[in-house]
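Chemist: Counting in this note's numbering, the sequence shown runs from 83 upward without gaps. Just so it is clear, CB atoms sit at the ideal spot from N, CA and C, and this is done for glycine as well.
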Amino acid sequence: MYTFQIDATAPKSELYAELARAADALTSGEPDAVANMANVAALLWEYLPDVNWTGFYRVVDGELVLGPFQGKAACIRIPFGKGVCGTAAQTGETQLVEDVHAFPGHIACDANSASELVVALKRAGQVIAVIDLDSPSLNRFDAEDAKGVELLAGIIAARI
Ligand code: SME
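1) Going by other Cβ atoms of all chains shown within 10 Å of its Cβ, with 16 needed for buried, is Arg159 buried or exposed?
2) Hey, which residues come within less than 5 Å of ligand 1, measuring from Cβ to any heavy atom, in chain order?
3) Measuring straight from C-alpha to C-alpha, what distance separates Ala155 and Ser197?
4) Can you tell me whether Arg205 is buried or exposed? The criterion is at least 16 other CB atoms within 10 Å of its CB, across all chains shown.
5) Please state the DSSP three-state secondary structure of Leu220.
6) Just to confirm, are Leu48 and Ala104 a CB contact at a threshold of 9 Å?
7) In chain order, what residues of the same chain lie with their CB nearer than 8 Å to the CB of Lys164, ignoring the 5 residues before and after it?
8) Would you check if the distance between the CB atom of Ile265 and the CB atom of Asn118 is smaller than 9 Å?
9) So what does DSSP say about Val116, is it helix, strand or coil?
10) May I ask you to report which of helix, strand or coil DSSP gives Ser237?
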C-alpha cells in the first residue's frame, strides 16, 4: 500500500509539486510502462478535484491508443490531428480547452466532460503519449494546471 501526504485543497502549485514528488516516487526504478501509467492515472484521479477522467493515450503505429486511465470507458483509437488528444499529439503542444463543445472536432468520450487539459509526453523530441484530464466543469483548468501536468509529464516520460 502507498500512502501520500497530499493535500488536494492546497494551492495548485503546491498540489502539483506534491503530485510530481509522489509520481516520481511511484515510478522510480520501475521499468514497466503500464504499471507506471496506471499508478499516475490513479494518483491524478485521487487527488485532483473536479475531474471525471484522468489517463493516458499512447502513440502506437502512428495513432493514439487508449492507455491506463480512471473514469468511464473511453474511445480506444484517436488519429493524430483529431480531437483534443490528437491535436496535442500532432503539435506536441499542451491543449487547454475551456469548453470542449467549442473545440472543433472534440471527441466526446463522456457526455459529462466540459473542459479538458492534454499534455504531450516526449522522448528524444518525439511525442510518445499524452496525459488527458477531463472535467465536468467549464474552465476547470488554467495555466497552473498546464504547468503542473507538464512537470509531471517531464518526470514520467522516461518511465513509460
Ligand atoms: N476528448 C478527447 C478524447 C479522449 S476522452 O476525453 C477520454 C479528445 O477530444 O481528444
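Modeler: Reading it off the structure:
1) exposed
2) Trp135, Ala156, Gly165, Val166, Cys167, His188, Ile189, Cys191, Asp216
3) Going by the C-alpha atoms only, they are around 18 Å apart.
4) exposed
5) coil
6) As displayed, the chain neither begins before 83 nor continues past 242, which places residue 48 out of reach and without an answer.
7) Gly187, Ile189
8) Because the chain spans 83 through 242 in this model, residue 265 falls outside it and cannot be assessed.
9) helix
10) The question names Ser, but residue 237 is Ile in the sequence shown. Ile237: helix per DSSP, three-state reduction.
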